[in-house]
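Some notes on the structure that comes next.
Residue numbers (the numbering used here): 69 to 218.
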């Protein structure tokens with residue numbers, strides 16, 4: 069179907085459109101689950117256990133009130149949100165605030181269990197779900213002409 073013909077139809081479910089589809093134009097989706105970063109097939113042995121620290125009841129009421137946040141950083145005791153940068157420590161399976169990462173690396177040991185910690189033991193977690201495109205430095209794939217305002 070040409071773009072001109074597509075504009076003449078008001079709905080995509082019109083029976084006349086089905087006749088114009090060619091056999092084999094739609095391919096089946098890939099059933100393998102892939103790593104979002106490397107696009108390689110994801111294996112069960114590559115998954116890591118994650119332990120989130122629940123919010124402590126000793127925090128002030130202002131920090132917890134009306135909040136859906138139920139987890140906190142075990143080092144800084146800050147409430148973790150979806151707009152906060154977080155890191156995963158492989159040695160203790162814990163999620164910590166990225167703000168305390170310099171302090172943790174300087175000591176060279178995991179603050180939760182005291183094991184030796186290197187840069188390879190830290191995984192930076194991808195944040196998302198804030199509703200703002202700029203949060204994760206996304207780039208547009210389609211550029212359109214825009215009206216210049218003076």
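We put the CB at the ideal spot given by N, CA and C, even for glycine.
Note that this is a predicted model, so its numbers are computed, not measured.
Proximity of residue 139 and residue 193 at Cβ, strictly below 8 Å
Your numbering for residue 139 matches position 71 in the chain shown. Your numbering for residue 193 matches position 125 in the chain shown. No. Outside cutoff.
Under the assumption that residue 145 contacts residue 124 (Cβ atoms under 8 Å), give the Cβ distance between them as a whole number of angstroms.
For the purposes of this step, residue 145 is identified with residue 77 of the chain shown, where counting begins at 1. For the purposes of this step, residue 124 is identified with residue 56 of the chain shown, where counting begins at 1. Distance from residue 145 to residue 124 at the Cβ level is roughly 7 Å; contact confirmed, criterion being Cβ atoms closer than 8 Å.
Considering Cα atoms alone, identify which of 106, 163, 151, 190 is closest to residue 143.
Numbered from its first residue, the chain shown carries residue 143 at position 75. If we check each option's Cα against that of residue 143, 163 comes out closest.
Return the first residue and the last residue of the alpha helix (DSSP H) that residue 172 is part of.
Taking the first residue of the chain shown as position 1, residue 172 is located at position 104. Residue 172: member of the alpha helix (DSSP H) spanning 169-175, first to last residue.
Compute the Euclidean distance between the alpha carbons of residue 117 and residue 161, then round it to the nearest angstrom.
To locate residue 117, count along the chain shown from 1; it is residue 49. To locate residue 161, count along the chain shown from 1; it is residue 93. When rounded, the separation of the alpha-carbon atoms in residue 117 and residue 161 is 6 Å.
Can you tell me whether residue 113 is helix, strand or coil according to DSSP?
Numbered from its first residue, the chain shown carries residue 113 at position 45. DSSP places residue 113 in helix when its eight states are reduced to three.
Rounded C-beta distance between residue 191 and residue 158? I'm assuming under 8 Å.
Indexing the chain shown from 1 puts residue 191 at position 123. Indexing the chain shown from 1 puts residue 158 at position 90. Contact between residue 191 and residue 158 holds, since their C-beta atoms are separated by about 7 Å, short of 8 Å.
Spatial neighbours of residue 173 within its chain, please: CB distance less than 8 Å, with the 5 preceding and 5 following residues excluded, ordered by chain position.
For this step, residue 173 is matched to residue 105 along the chain shown. 185, 187, 190.
Using the Cβ count rule (16 or more neighbours within 10 Å means buried), how would you classify residue 115?
Against the chain shown, residue 115 aligns to sequence position 47. Per the 10 Å Cβ criterion, exposed.
Run through the DSSP bridge pairs and tell me what residue 190 is partnered with.
Locating residue 190 in the chain shown gives position 122, where the first residue counts as 1. Bridge partners of residue 190: 157.
Hey, would you say residue 195 sits closer than 8 Å to residue 150, going by beta carbons?
Numbered from its first residue, the chain shown carries residue 195 at position 127. Numbered from its first residue, the chain shown carries residue 150 at position 82. Result yes, Cβ atoms of residue 195 and residue 150 sit closer than 8 Å.
What residue from 98, 96, 72, 141 has the CA that sits closest to residue 119's CA?
By one-based count along the chain shown, residue 119 stands at place 51. Here the closest residue by C-alpha is 141.
By a C-beta neighbour count over all protein chains shown, 10 Å radius and 16 as the cutoff for buried, is residue 178 buried or exposed?
On the chain shown, residue 178 is found 110 positions in, with the first residue counted as 1. A buried status is given to residue 178, since no fewer than 16 other beta-carbon atoms sit within 10 Å of its beta-carbon.
Residue 113 to residue 107 span [Cα, whole Å]
On the chain shown, position 45 is the one that residue 113 refers to. On the chain shown, position 39 is the one that residue 107 refers to. Distance between the alpha carbons of residue 113 and residue 107: 16 Å.
Please classify residue 122: does DSSP put it in a helix, a strand, or coil?
To locate residue 122, count along the chain shown from 1; it is residue 54. Residue 122 sits in a strand when the DSSP states are folded into three classes.
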